[in-house]
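Enquirer:
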Amino acid sequence: MIKKILGKIGRAVVTTDDFTIPAHDSPLFAEINWKKLPRHVAIIMDGNGRWAQGQGAMRTVGHTAGVKTLKNILKTAIGLKLDALTVYAFSTENWKRPHTEVEFLMNLFSEYLKKELQEMHEDNVRIHFIGRIEGLPASLQKQMREAEELMQDNTGVKFNVAVNYGGQDELVRSVQSIVRRVQAGELAAEQIDETVIESALDTQGNLPVDLVIRTSGDQRLSNFLLWQAAYAEFWFTDTNWPDFTPECFVEAMVDYAGRDRRFGGLTKPEEK
Ligand code: IPE
Ligand code: IPE
Ligand code: MG
């Protein structure tokens with residue numbers, strides 16, 4: 001079946017260019033305010049299909065192009081010494097797409113892992129997959145587990161890849177795991193607080209999301225990180241994901257540095 005489909009739409013071949021981790025004093029980072037960087041950035045990588053259709057190509061061509069962008073943005077995040085980068089690769093709603101596109105994407109994730117695994121490891125990246133992983137093809141699940149194990153002791157950027165992820169689904173799974181603990185007598189209902197919920201989420205161990213970036217013009221969350229983005233800043237751009245460059249990423253960082261994050265309080269006088 002897969003072979004037949006791939007015969008029709010072409011195999012997912014991952015190619016990347018030779019962008020390297022930018023140094024602290026790289027001209028790319030000239031405008032960066034190092035004291036006011038977000039620690040956890042989340043990206044809704046949107047617009048692959050529109051990018052491809054804009055040049056008369058099939059949507060899948062856009063997904064392949066998007067992989068290159070991801071690699072460069074991960075390298076930039078490493079250069080910026082971000083604590084975590086969480087990217088939305090496939091939502092619980094994306095199963096509604098044509099079977100051929102879904103198959104292509106699953107194949108692309110697998111190829112990406114195969115090709116990039118060693119380099120990510122050398123870059124000290126700690127990869128982690130979030131979402132309903134058990135709903136993915138068995139061979140992909142195995143690759144994901146192996147990648148996580150390989151990089152589990154790395155100390156660099158936490159790279160969370162959301163695949164078959166939905167914020168509501170994540171909350172459902174979290175509530176289920178907490179209820180099981182209550183039923184087992186490990187926890188009283190009154191003890192459930194924000195910390196308990198946070199530690200039941202797929203992102204446990206990560207800092208809250210400081211900044212959500214969405215490419216391609218739409219301004220919505222599409223079920224991404226509903227809990228984690230409670231106090232996040234948002235940055236939108238019309239640029240489609242395959243055209244999103246490290247310079248665009250830096251532009252978002254510079255914009256973020258100028259924001260006044262009050263968290264319901266008042267601006268501290270010294271920050272005015
Ligand atoms: C984002 O690009 C990638 C995935 C959702 C897998 P899209 O495929 O949503 O591209 P558009 O939004 O249709 O242009
Ligand atoms: C969100 O994009 C999901 C990912 C980027 C993986 P969609 O393209 O699926 O979102 P909608 O349908 O425009 O809300
Ligand atoms: Mg889209």
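In our numbering, the protein residues as written are 1 to 272. Even for Gly, the Cβ is constructed at its ideal location relative to N, Cα and C. All of these numbers come straight from a predicted model, not from anything done at the bench.
Out of 71, 211, 76 and 238, point me to the one whose CA is closest to residue 231's CA.
Expert: 211
Enquirer: How about residue 323: is its Cβ closer than 7 angstroms to a heavy atom in ligand 1?
Expert: Here the chain covers residues 1 to 272 and nothing more, so residue 323 does not appear.
Enquirer: Cβ atoms of residue 65 and residue 242: under 8 angstroms apart, would you say?
Expert: yes
Enquirer: Cα separation between residue 81 and residue 94?
Expert: 31 angstroms
Enquirer: Can residue 54 be considered in contact with ligand 3, in the sense that its beta carbon sits closer than 7 angstroms to one or more heavy atoms?
Expert: If you check the C-beta of residue 54 against ligand 3, you find no heavy atom less than 7 angstroms away.
Enquirer: Bridge partners for residue 91 per DSSP, in chain order?
Expert: 165
Enquirer: Shorter than 7 angstroms, the distance from the beta carbon of residue 164 to the closest heavy atom of ligand 1, or not?
Expert: no
Enquirer: Less than 7 angstroms between the CB of residue 106 and some heavy atom of ligand 1, yes or no?
Expert: no
Enquirer: How about residue 74 and residue 159: do their beta carbons lie closer than 8 angstroms?
Expert: yes
Enquirer: For a test of your reading of the model: does the CB of residue 46 fall under 7 angstroms from any non-hydrogen atom of ligand 1? Yes or no.
Expert: yes
Enquirer: Mind checking residue 260: buried by the 16 CB within 10 Å criterion, or exposed?
Expert: Classification of residue 260: exposed, given that the 10 Å Cβ count is below 16.
Enquirer: Considering only the beta carbon of each residue, do residue 244 and residue 69 sit closer than 8 angstroms?
Expert: yes
Enquirer: Where does residue 6 sit, in a helix, a strand or coil, going by DSSP?
Expert: With a pLDDT of 48 at residue 6, under the threshold of 50, the modelled position of that residue is not reliable, and the figure given next carries that caveat. DSSP places residue 6 in helix when its eight states are reduced to three.
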